[in-house]
Amino acid sequence: MRYLKTHSTDPHYNLAFEEYAFRQLFRGEPLLLLWQNEPSVIIGKFQNTIEEINEDFIRERGVHVVRRMTGGGAVYHDLGNLNYSFIMENESGLIDFSRFTMPLLRALEKMGIDASLTGRNDLLIDGCKFSGSAQHSSNKRILHHGTLLFSSNLEDVQAALRVKPSKVESKGIKSVRSRVTNISDHLSEAITLEEFRELLLFHLFDGAAVAEFLPGPAELAAIEELAEGKYRQWAWNYGSSPRYNLSRSRRYPFGEVEFRLEVKDGLIQSCKIYGDFFSTGDIEALAQRFQGVCFKEEDLAAMIPTLPLQECFPALSGRQLLCLLLDLPE
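Note that the working numbering gives residue 345 to position 327 of the sequence shown, counting from 1, and the numbers run on in steps of one.
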C-alpha cells in the first residue's frame, strides 16, 4: 500500500487531490491518504447545500463549503480532524464499509481505545460518534474516505451544521446528526494530532517503514486544474444541489413580504410573491423577472437594481430585498 500526503489544508485542493488519485494514480495498487482541512463543511454529492449549513455561521467564520464526490451526509472539518482515504481495486463493484473500518478499529484498539462500528459507517466511542465515512466505486476501483475527530472544536462541529428553520424543502439526502466526541479525550496519555497520525500509520502498516509518495509536477498541475475547474466553483458546490423549494419572508412597516422560489441546478425556475402588503405595481411581472437567475449573492445583487422595485414596494430598498432573499441581516 502506498501512502500519499497532500501537504495542503485547502479543502478544494485536497478533494481534487483525492479524486485525481482515485482516477489516475498508481492503478493496481492500494493507496492511503491522510489529510487535514482548515474549517470546512464538506457536502455529500447528492445533498442540497443550503439545507445542510448554518449560513450565518459559515459567513461569519469564513468556513469553506465544498461538495465531495461521494454520497452520504455533510460533515465539518477543522485542523483537529484527520481525514483518511483508502483507494483500492474493486472488481466486484460492491460497497463494503467494514473492509476499511475494521483496520481502523484494530489500530485504535492498539492505542487503548475501545471503539465500535454501528450501522453501516459510523464509528463510536462510548456511544458517541467520532468518525463517519462514505464510498464511491467506479471503473473497478473504490474510494473509501472518512473523518477521525481527534481534537476538533465540537461546538463548531454542531454550529456549522445547525440549519435555521428557513422553510427549505428538497429531495436532497438529509444528514443525520449524532452526539460526537474527540479521540484525544479517550487516550490514557496526551498526544498531538501529528503523533496520532504517526501511530495510526504505524499500526495500519503493521509496524513496517512507511514511505511517502508524491505525484510529479505534471500531476500536481493537473490536480490544481481540477481544484480550480471543479472544487472551487459555485456551480459544483451549490449549483449541483437537487431541485428544491425555498421560502423567505420578513415583516416590514408596510406589511409582510414572502418570496417562494423553486430552484434547480442553482437557477430559479419559478418565483411567487405573497404577503399582506398593499401595492399598485405588477407583482406577478416582478416575480417573473427572477426566472432563470442564478440563486447566488453576486447574481442577485447584479439583477435587483434592474427591477421596478419602487413601483411594487416603494419602501423596500434593493439591499433589503437582497437580505430577504439570502436570509442576511440588514
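Cβ atoms here follow ideal geometry from the backbone N, Cα and C, with glycine treated the same way.
{"query": "Exposed unless 16 or more other CB atoms sit within 10 angstroms - verdict on proline 29", "result": "buried"}
{"query": "Leucine 339 and isoleucine 322 closer than 8 Å at C-beta", "result": "yes"}
{"query": "Rounded C-alpha distance that separates alanine 208 from methionine 129", "result": "12 Å"}
{"query": "Check whether arginine 197 and lysine 147 have beta carbons under 8 Å apart", "result": "yes"}
{"query": "Helix, strand or coil at leucine 126 [DSSP, three-state]", "result": "helix"}
{"query": "Distance between histidine 95 and lysine 248 (C-alpha atoms, nearest Å)", "result": "20 Å"}
{"query": "Alpha-carbon spacing of leucine 33 relative to glutamate 216, whole angstroms", "result": "22 Å"}
{"query": "Cβ-based neighbour list, aspartate 283, same chain, cut-off 7 Å, excluding 5 preceding and 5 following", "result": "Gly257"}
{"query": "Beta-carbon proximity check, isoleucine 60 vs arginine 86, cutoff 8 Å", "result": "yes"}
{"query": "Where glutamate 315 sits in the DSSP three-state scheme", "result": "helix"}
{"query": "Residue nearest to glutamine 176 in terms of C-alpha spacing, selected from Leu22, Ile76, Leu50 and Gln54", "result": "Ile76"}
{"query": "Counted within 10 angstroms of its Cβ, other Cβ atoms place serine 335 as buried (16 or more) or exposed", "result": "exposed"}
{"query": "Glutamate 246 versus valine 83: straight-line alpha-carbon distance, rounded", "result": "14 Å"}
{"query": "Alpha-carbon spacing of arginine 261 relative to glutamine 153, whole angstroms", "result": "24 Å"}
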